[in-house]
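Enquirer:
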Amino acid sequence: EAGVTQFPSHSVIEKGQTVTLRCDPISGHDNLYWYRRVMGKEIKFLLHFVKESKQDESGMPNNRFLAERTGGTYSTLKVQPAELEDSGVYFCASSQFPGYDYGYTFGSGTRLTVV
Amino acid sequence: GQQLNQSPQSMFIQEGEDVSMNCTSSSIFNTWLWYKQDPGEGPVLLIALYKAGELTSNGRLTAQFGITRKDSFLNISASIPSDVGIYFCAAASGTYKYIFGTGTRLKVLA
Numbered sequence: 001e002a003g004v005t006q007f008p009s010h011s012v013i014e015k016g017q018t019v020t021l022r023c024d025p026i027s028g029h030d031n032l033y034w035y036r037r038v039m040g041k042e043i044k045f046l047l048h049f050v051k052e053s054k055q056d057e058s059g060m061p062n063n064r065f066l067a068e069r070t071g072g073t074y075s076t077l078k079v080q081p082a083e084l085e086d087s088g089v090y091f092c093a094s095s096q097f098p099g100y101d102y103g104y105t106f107g108s109g110t111r112l113t114v115v
Numbered sequence: 116g117q118q119l120n121q122s123p124q125s126m127f128i129q130e131g132e133d134v135s136m137n138c139t140s141s142s143i144f145n146t147w148l149w150y151k152q153d154p155g156e157g158p159v160l161l162i163a164l165y166k167a168g169e170l171t172s173n174g175r176l177t178a179q180f181g182i183t184r185k186d187s188f189l190n191i192s193a194s195i196p197s198d199v200g201i202y203f204c205a206a207a208s209g210t211y212k213y214i215f216g217t218g219t220r221l222k223v224l225a
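In the order they appear, the protein sequences are chains A and B.
For what it's worth, the working numbering labels the leading residue of the first sequence as 1, then goes sequentially.
For what it's worth, the working numbering labels the leading residue of the second sequence as 116, then goes sequentially.
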């Protein structure tokens with residue numbers, strides 16, 4: 001089966017611009033997660049979708065970040081306007097079950113650089 | 116908030132040597148996981164631990180869930196060049212979200 005796919009793999013934008021990251025989860029996985037790793041730090045939870053509904057968005061840094069999952073399939077994460085501190089690697093993950101027992105399957109990530 | 120202290124931050128080892136890394140926390144967790152991230156890839160699950168005291172192996176990798184439920188370690192025996200990468204511990208306490216450590220960057224010298 002195809003894994004979790006993220007696009008683009010790299011993005012370099014100027015401060016103040018808008019960037020949209022996309023994640024295609026494994027087919028049939030209702031649970032989709034976004035995480036972020038700022039350079040050298042831990043991977044931090046951003047939010048969790050169950051199908052098209054936001055189950056938990058407590059990790060979203062601020063209102064410049066908007067995540068959507070229309071139709072419960074792929075998800076997008078938009079940063080508008082981007083700031084320097086938004087640079088990092090954004091990981092998407094998906095799982096069939098919502099609990100924590102099974103781990104996730106992660107995508108390869110999108111490396112975002114804001115200059 | 117909850118956080119995991121992962122050490123060492125990085126290590127250089129000779130091929131064939133054994134490696135040990137660990138994660139500690141002041142919080143109690145129900146699940147501990149160990150992931151490995153290769154360059155340009157996302158983290159891949161290596162070992163999952165679900166019970167305090169549990170010791171689980173996956174090939175040359177062995178991980179343990181600490182008895183206090185506040186720590187875990189990962190050992191790699193007889194390291195090889197493809198063991199290079201960043202190893203992350205992760206833990207959860209009854210929810211779907213994981214807390215991750217800051218990672219241990221492993222470099223193997225042939």
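Beta carbons: idealized from backbone N, C-alpha and C, even for Gly.
Computed from a prediction, not measured in an experiment: that's the story for all the values here.
Using a Cβ-Cβ distance cut-off of 9 Å, determine whether residue 169 (chain B) contacts chain A.
Expert: Stepping through the second sequence from its first residue, residue 169 (chain B) is reached at position 54. Not one chain A Cβ lies under 9 Å of residue 169 (chain B).
Enquirer: Output needed in chain order: residues of the stretch 129 to 155 of chain B with a Cβ under 9 Å from some Cβ in chain A.
Expert: So the close ones are 145, 146, 148, 150, 152 and 155.
Enquirer: Would you say residue 166 (chain B) reaches chain A, if we count a Cβ-Cβ gap shorter than 9 Å as a contact?
Expert: The residue labelled residue 166 (chain B) in the question sits at position 51 within the second sequence. Not an interface residue.
Enquirer: If you draw a straight line from the alpha carbon of residue 138 (chain B) to that of residue 123 (chain B), how long is it in whole angstroms?
Expert: The residue given as residue 138 (chain B) occupies position 23 in the second sequence. The residue given as residue 123 (chain B) occupies position 8 in the second sequence. Each residue's alpha carbon lies about 9 Å from the other.
Enquirer: Using the C-alpha atoms, what's the distance from residue 188 (chain B) back to residue 127 (chain B)?
Expert: For the purposes of this step, residue 127 (chain B) is taken as residue 12 along the second sequence, with counting starting at 1. For the purposes of this step, residue 188 (chain B) is taken as residue 73 along the second sequence, with counting starting at 1. Those two C-alpha atoms are separated by around 18 Å.
Enquirer: According to DSSP, is residue 200 (chain B) part of a helix, a strand, or is it coil?
Expert: Here residue 200 (chain B) corresponds to residue number 85 of the second sequence, with the count starting at 1. Three-state DSSP puts residue 200 (chain B) in a strand.
Enquirer: Could you check whether the stretch 20 to 32 of chain A touches the stretch 3 to 10 of chain A, counting it as contact only if at least three pairs of C-beta atoms, one from each stretch, sit closer than 8 Å?
Expert: Output reads yes: the stretch 3 to 10 of chain A touches the stretch 20 to 32 of chain A.
Enquirer: In chain order, which beta strand (DSSP E) runs of at least 3 residues are fully inside the stretch 134 to 220 of chain B?
Expert: DSSP runs (the beta strand (DSSP E)) wholly in the stretch 134 to 220 of chain B: 134 to 139, 146 to 152, 159 to 164, 170 to 173, 176 to 180, 186 to 191 and 200 to 207.
Enquirer: Note down the Cα distance separating residue 111 (chain A) from residue 11 (chain A), rounded to an integer number of angstroms.
Expert: Taking the first sequence and counting its residues from 1, the one referred to as residue 111 (chain A) is at position 111. Taking the first sequence and counting its residues from 1, the one referred to as residue 11 (chain A) is at position 11. Near 6 Å, if we compare the C-alpha coordinates of residue 11 (chain A) and residue 111 (chain A).
Enquirer: Give the straight-line distance between the Cα atoms of residue 185 (chain B) and residue 14 (chain A), rounded to the nearest whole angstrom.
Expert: As a working mapping, residue 185 (chain B) is identified with position 70 in the second sequence. As a working mapping, residue 14 (chain A) is identified with position 14 in the first sequence. So the two alpha carbons sit approximately 42 Å from each other.
Enquirer: Out of B:201, B:190 and B:140, point me to the one whose CA is closest to residue 156 (chain B)'s CA.
Expert: For this step, residue 156 (chain B) is matched to residue 41 along the second sequence. With distances taken between Cα atoms, residue 156 (chain B) lies closest to B:201.
Enquirer: With a threshold of 9 Å between beta-carbons, can residue 105 (chain A) be considered close to chain B, or not?
Expert: Counted from its first residue, the first sequence places residue 105 (chain A) at position 105. Yes, residue 105 (chain A) lies at the interface with chain B (some Cβ there is under 9 Å from its Cβ).
Enquirer: Kindly indicate which three-state DSSP category residue 83 (chain A) falls into: helix, strand or coil?
Expert: The count along the first sequence starts at 1 and reaches residue 83 (chain A) at position 83. Residue state, collapsed to three classes: coil.
Enquirer: Counting contacts by CB-CB distance shorter than 9 Å, is residue 179 (chain B) in contact with chain A?
Expert: Indexing the second sequence from 1 puts residue 179 (chain B) at position 64. For residue 179 (chain B), the answer is no, since every Cβ of chain A falls outside 9 Å of its Cβ.
Enquirer: Starting from residue 78 (chain A), follow its DSSP beta bridges and name the residues at the other end.
Expert: Counting from 1 along the first sequence, the entry for residue 78 (chain A) is found at position 78. DSSP, once it has assigned bridges, lists A:20 and A:66 as partnering residue 78 (chain A).
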